[in-house]
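In the working numbering, the protein residues as written are 2 to 140.
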Amino acid sequence: MLGELVHDRANNDIYEGHPLWNGRTIRISIPVDEGEPSVAAIETLHSLWARQEAVDLDARQYVARSIFDGTESSWWSQEDDPPSATEFAELLSLTEITIDHTNHPDGYTLWFDESQVFGGHTLSVSASLSEGYLDKPTV
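If you want it as C-alpha cells, here you go:
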C-alpha cells in the first residue's frame, strides 16, 4: 500500500516514500524508531489510507474555509474576485503527508499545492487521528 520506503539519513533521519493517494503520487515522511520505520507512524498512515477520499475532501474543505472565511476583501489584492471556499478547495491537491508523533501519538501534517492562487506557496495543516485539526493552515 505504501510502496517502497527509503531511509534518508541526511534529511532528519526519516523514511520516505512516494505512494499513490487517490490516484496521484504523493510524498510520505515517516520517523525512524530504532533504525526502522516507526510502527506507530505506519499505523497512522494505514488509518489515513483506509479513508483517503474522505480525509482528502475534509482536509481540503477545512483549509479552504479557514483561508477564505469572508474577510477576503481586506487582504485580497488581485484584480479578479477571490475564489469561494468551495472553488478554492477544488484547486487544492495533497502533495505530502508527514507523520510527526512529537506532540500527539497519532499526529500528522498534510501539505497541499494551492494552484498558484497565492503565487505557488505550499499550504499545510497539522492534525491527529484522535483530535482532528490542531491549528489553522499555514501558507
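Note that CB positions come from ideal geometry on N, CA and C, so glycine has one too.
Query, Result
"Have a look at Y134, E17, D107, V140 and flag the residue whose alpha-carbon is nearest the alpha-carbon of E37.", "E17"
"Going along the chain, which residues of its own chain have a beta-carbon closer than 8 angstroms to the beta-carbon of V33, five neighbours each way excluded?", "H8, D14, I15, Y16, S39"
"In its own chain, which residues sit with a C-beta less than 8 angstroms from the C-beta of V118, not counting the 5 before and 5 after it?", "P84, F89, L92"
"Under the three-state reduction of DSSP, which class applies to V7: helix, strand or coil?", "strand"
"Can you tell me the Cβ-Cβ gap for I29 and L3, rounded? I've got them flagged as a contact below 8 angstroms.", "7 angstroms"
"Specify the secondary structure class of T139 as computed by DSSP and reduced to three states.", "strand"
"Are the Cβ atoms of F113 and L130 separated by less than 8 angstroms?", "no"
"For H47, which option in I100, D81, A65, Q62 has the closest C-alpha, if you only look at C-alpha atoms?", "I100"
"Report all residues from its chain with a CB closer than 8 angstroms to the CB of F69; omit the five preceding and five following residues, and keep chain order.", "P83, P84, S85, A86, F89"
"Sorted by chain position, which residues of the same chain lie with C-beta nearer than 8 angstroms to A128's C-beta, five sequence neighbours on each side aside?", "A60, G108, Y109, T110, L111, Y134, L135"
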